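*Asks:*
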Amino acid sequence: MANTITLFRIAAGIVLLFCPVFSPAFNVFYIAAGLSDMLDGFVARKTDTVSKLGARLDTMADFVLVVVCLIKLLPVLSIPAWLFAWIGIIALIKVVNIIFGFVVQRKFVAVHSVMNKATGALLFLLPLTIPAVGLKYSAVVVCAAATFAAIQEGYFIRTGRE
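With my numbering, letter number 86 in the sequence shown gets 129, and the count goes up by one each step, no holes.
1. Buried or exposed: which applies to G131, given that a residue is buried once 16 or more other Cβ atoms fall within 10 Å of its Cβ?
2. Given this structure, state the Cα-to-Cα distance separating I48 from D83, to the nearest angstrom.
3. Find out if the Cβ-Cβ distance for the pair A104, I53 is shorter than 7 Å.
4. Should G177 go down as buried or exposed, given a rule of 16 or more other Cβ atoms within 10 Å for buried?
5. Are three or more beta carbon pairs between the stretch 85-95 and the stretch 63-70 nearer than 8 Å?
6. Taking only runs of the alpha helix (DSSP H) that begin and end inside the stretch 99-171, which ones reach a length of at least 4 residues, in chain order?
7. Residue range of the alpha helix (DSSP H) that C186 falls in?
8. Whole angstroms are fine: how far does the CA of A189 sit from the CA of W129?
9. Could you give the first and the last residue of the continuous alpha helix (DSSP H) run that contains L60?
10. Reducing DSSP to helix, strand and coil, say where M44 ends up.
11. Alpha carbons only, please: which of V107, P170 and F145 is nearest the one belonging to G197?
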């Protein structure tokens, strides 16, 4: 059942390619894909059907959804230079965290903090808020949360509080 939900997310991502950006159809399939992302892992854990195949499918579904969203959104958004710079700084902090975690703990360290999850939720909501609020304002909220989450993640890695 969980893998079927994940496969639905892949299909929903592909359908998004054919929906006009910010249209009701785009929003419906985007939200359905996001809800399926939350649901598949929950179902897998509750039904004791967690598997390596499911984890790989989940990663593939996430990848499909992100790539499709980039394909659809980047051409219609006017992204200011300051936003690119801020995203680059966040990415740099995350890369430093990954390297530091690997050097110190000899393994890939993934921090599943509340702030990281909140940032993921805000990032998911971003395409839904742009038509009403505008990219500049929506992005500031997401980037502020992501910056805090990245710094907090580094702190957790350095102190061993994964």
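Don't be surprised by glycine CBs; every beta carbon is placed ideally from N, CA and C.
All values derive from a computational prediction rather than experimental measurement.
*Replies:* A quick look at the data gives this:
1. Taking the first residue of the sequence shown as position 1, residue 131 is located at position 88. It is exposed - the Cβ of G131 has fewer than 16 other Cβ atoms within 10 Å.
2. If you number the sequence shown from 1, residue 48 lands on position 5. If you number the sequence shown from 1, residue 83 lands on position 40. A straight line joining the alpha-carbon of I48 with that of D83 spans about 6 Å.
3. What you label residue 104 is simply residue 61 of the sequence shown in a count that begins at 1. What you label residue 53 is simply residue 10 of the sequence shown in a count that begins at 1. Yes, Cβ-Cβ distance for A104 and I53 is below 7 Å.
4. Working through the sequence shown from its first residue, we reach residue 177 at position 134. Exposed, by the Cβ-count rule.
5. The answer is no - the stretch 63-70 does not touch the stretch 85-95, with fewer than three Cβ pairs under 8 Å.
6. The alpha helix (DSSP H) runs lying completely inside the stretch 99-171 and spanning 4 residues or more are 124-148, given in chain order.
7. In the sequence shown, the residue the question calls residue 186 occupies position 143. Under the DSSP assignment, C186 falls in the alpha helix (DSSP H) whose first and last residues are L178 to T202.
8. Reading the sequence shown from its first residue, position 86 is the one you call residue 129. Reading the sequence shown from its first residue, position 146 is the one you call residue 189. Their backbone Cα atoms lie some 10 Å apart in a straight line.
9. The count along the sequence shown starts at 1 and reaches residue 60 at position 17. From DSSP, L60 is part of no alpha helix (DSSP H); its letter is neither H nor E.
10. Counting from 1 along the sequence shown, the entry for residue 44 is found at position 1. Here DSSP, grouped into helix, strand and coil, assigns M44 to coil.
11. Position 154 of the sequence shown, counting from 1, holds the residue named residue 197. Ranked by Cα distance from G197, the options V107, P170 and F145 are led by F145.
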